[in-house]
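J.: Residue numbers (the UniProt record's numbering): 1 to 249.
Where a beta carbon is used, it is the ideal one built from N, C-alpha and C, also for glycine.
1. Since residue 213 sits in a beta bridge, which residues does DSSP pair it with?
2. Keeping to the same chain, check which residues put their C-beta closer than 7 angstroms to that of residue 151; ignore five residues upstream and five downstream.
3. Checking 8 angstroms against the spacing of the C-beta atoms, do residue 16 and residue 75 come in under that value?
4. What are the residues that DSSP puts in a beta bridge with residue 79?
5. Closest to residue 26 by C-alpha separation, out of 39, 13, 9, would be which residue?
6. Once the 5 residues before and after residue 163 are set aside, which same chain residues still bring their CB inside 8 angstroms of it?
7. Can you tell me whether residue 31 is buried or exposed? The criterion is at least 16 other CB atoms within 10 Å of its CB, across all chains shown.
8. When burial is assigned at 16 or more other CB atoms within 10 Å of the CB, is residue 169 buried or exposed?
9. Roughly how far, in whole angstroms, is the beta-carbon of residue 208 from the beta-carbon of residue 110, given that I think they are within contact range, below 8 angstroms?
10. What's the C-alpha gap between residue 61 and residue 7?
11. Could you say which of 187, 148, 59, 83 lies nearest to residue 43 if we only look at CA atoms?
12. Since I believe residue 215 is in contact with residue 235 (beta carbons under 8 angstroms), could you give me their beta-carbon distance rounded to a whole number of angstroms?
13. Does the beta-carbon distance from residue 122 to residue 177 come in below 8 angstroms?
14. Compare the Cα-Cα distances from residue 64 to each of 90, 128, 159, 245 and report the closest residue.
15. Once you ignore the five residues that flank residue 140 on each side, which residues in its own chain have a CB closer than 8 angstroms to its CB?
16. In the DSSP assignment, the beta strand (DSSP E) including residue 42 goes from what residue to what residue?
17. Roughly how many angstroms separate the alpha carbons of residue 185 and residue 240, rounded to a whole number?
18. Within a Cβ cutoff of 6 angstroms, which residues of the same chain sit near residue 85, ignoring the five residues on either side of it in sequence?
19. So what does DSSP say about residue 7, is it helix, strand or coil?
20. Rounding to the nearest angstrom, what Cα-Cα distance links residue 180 and residue 105 in this structure?
Written as structure tokens, this is what we have:
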């Protein structure tokens, strides 16, 4: 299969592999790349998203395999939303390649009852409504107050442009993935950064593995990198510092 579209910047260690969320593209992780100019970073478009090829399999495991093909030999994977699921799957499939994980308000790992109801409700809507219009509303509703409204507007247009068939298949993959088993199998240090109304309660994820540290941002919706990147960057830097020996290998 044709490789995923990806961009590489910088040269510092440890390398950072940045993985975007549902219906987005690499631009969704640009604020993270900009916050870490001293690191080599790789930004990727997942299967069926942005400028990457379409596929017949949009499972989280298939997305992880495709991302591993363009990732650095060993690095820290930072995933947002669905991208956090993909990063976890990569760490399970190739633990020698993933030195540490950072999960930015991840999609379903250990979902609670309300988040599962939300997920199923979204599945029903995706089968019935005009998807681009729905995604436009959905995208804007993920923000409390953006630090760069123009960047968010550009991202909403990217989200609207995602093929509706990919949008549906990717949501099915998000819901169908066994996050509990996957996170329990992760062997590297992991940082989960949640929002106030998260799909996963940090304590629920922490009960599944001793390797996860949890944190919560203040005053942000789901798109934390476009709202409170200052908080997120500080948490990531502390995590990288505390786990520097493990990450260095």
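T.: Taking the coordinates as given:
1. What you label residue 213 is simply residue 213 of the chain shown in a count that begins at 1. Paired residues: 191.
2. Locating residue 151 in the chain shown gives position 151, counting from the first residue. So the list reads 226, once near-sequence residues are dropped.
3. By 1-based counting over the chain shown, the position of residue 16 is 16. By 1-based counting over the chain shown, the position of residue 75 is 75. In contact: residue 16 and residue 75 (Cβ atoms closer than 8 angstroms).
4. Walking along the chain shown from the start, residue 79 turns up at place 79. 19, 103.
5. As a first step, residue 26 must be located in the chain shown, where it is residue number 26. When each option's Cα is compared against that of residue 26, the closest is 9.
6. Against the chain shown, residue 163 aligns to sequence position 163. Contacts found: 48, 54.
7. As a first step, residue 31 must be located in the chain shown, where it is residue number 31. So residue 31 counts as buried.
8. Stepping through the chain shown from its first residue, residue 169 is reached at position 169. Classification for residue 169: buried.
9. Position 208 of the chain shown, counting from 1, holds the residue named residue 208. Position 110 of the chain shown, counting from 1, holds the residue named residue 110. About 6 angstroms; that satisfies the 8 angstroms criterion.
10. Within the chain shown, residue 61 is the residue found at index 61, counting from 1. Within the chain shown, residue 7 is the residue found at index 7, counting from 1. Distance between the alpha carbons of residue 61 and residue 7: 22 angstroms.
11. Counting from one through the chain shown, the residue named residue 43 turns up at place 43. For residue 43, the nearest C-alpha among the options comes from 83.
12. Position 235 of the chain shown, counted from the start, is the residue given in the question as residue 235. Position 215 of the chain shown, counted from the start, is the residue given in the question as residue 215. The pair is a contact, with the Cβ atoms about 5 angstroms apart (cut-off 8 angstroms).
13. The residue given as residue 122 occupies position 122 in the chain shown. The residue given as residue 177 occupies position 177 in the chain shown. No; because the gap between Cβ atoms is not below 8 angstroms, this pair is not in contact.
14. Residue 64 sits at position 64 when you count from the first residue of the chain shown. The shortest Cα separation from residue 64 among 90, 128, 159, 245 belongs to 90.
15. As a position in the chain shown, residue 140 is number 140, starting the count at 1. Hits under 8 angstroms: 152, 156.
16. The sequence position of residue 42 within the chain shown is 42, counting from 1. Where residue 42 is concerned, the enclosing beta strand (DSSP E) stretches over 41 to 44.
17. For the purposes of this step, residue 185 is taken as the residue at position 185 of the chain shown. For the purposes of this step, residue 240 is taken as the residue at position 240 of the chain shown. So the two alpha carbons sit approximately 21 angstroms from each other.
18. Here residue 85 corresponds to residue number 85 of the chain shown, with the count starting at 1. Closer than 6 angstroms at the Cβ level, and outside the excluded window around residue 85, lie 60, 107, 177.
19. Walking along the chain shown from the start, residue 7 turns up at place 7. Note: residue 7 maps to strand in three-state DSSP.
20. Residue numbering aside, residue 180 sits at position 180 when the chain shown is read from its first letter. Residue numbering aside, residue 105 sits at position 105 when the chain shown is read from its first letter. When rounded, the distance between both Cα atoms is 16 angstroms.
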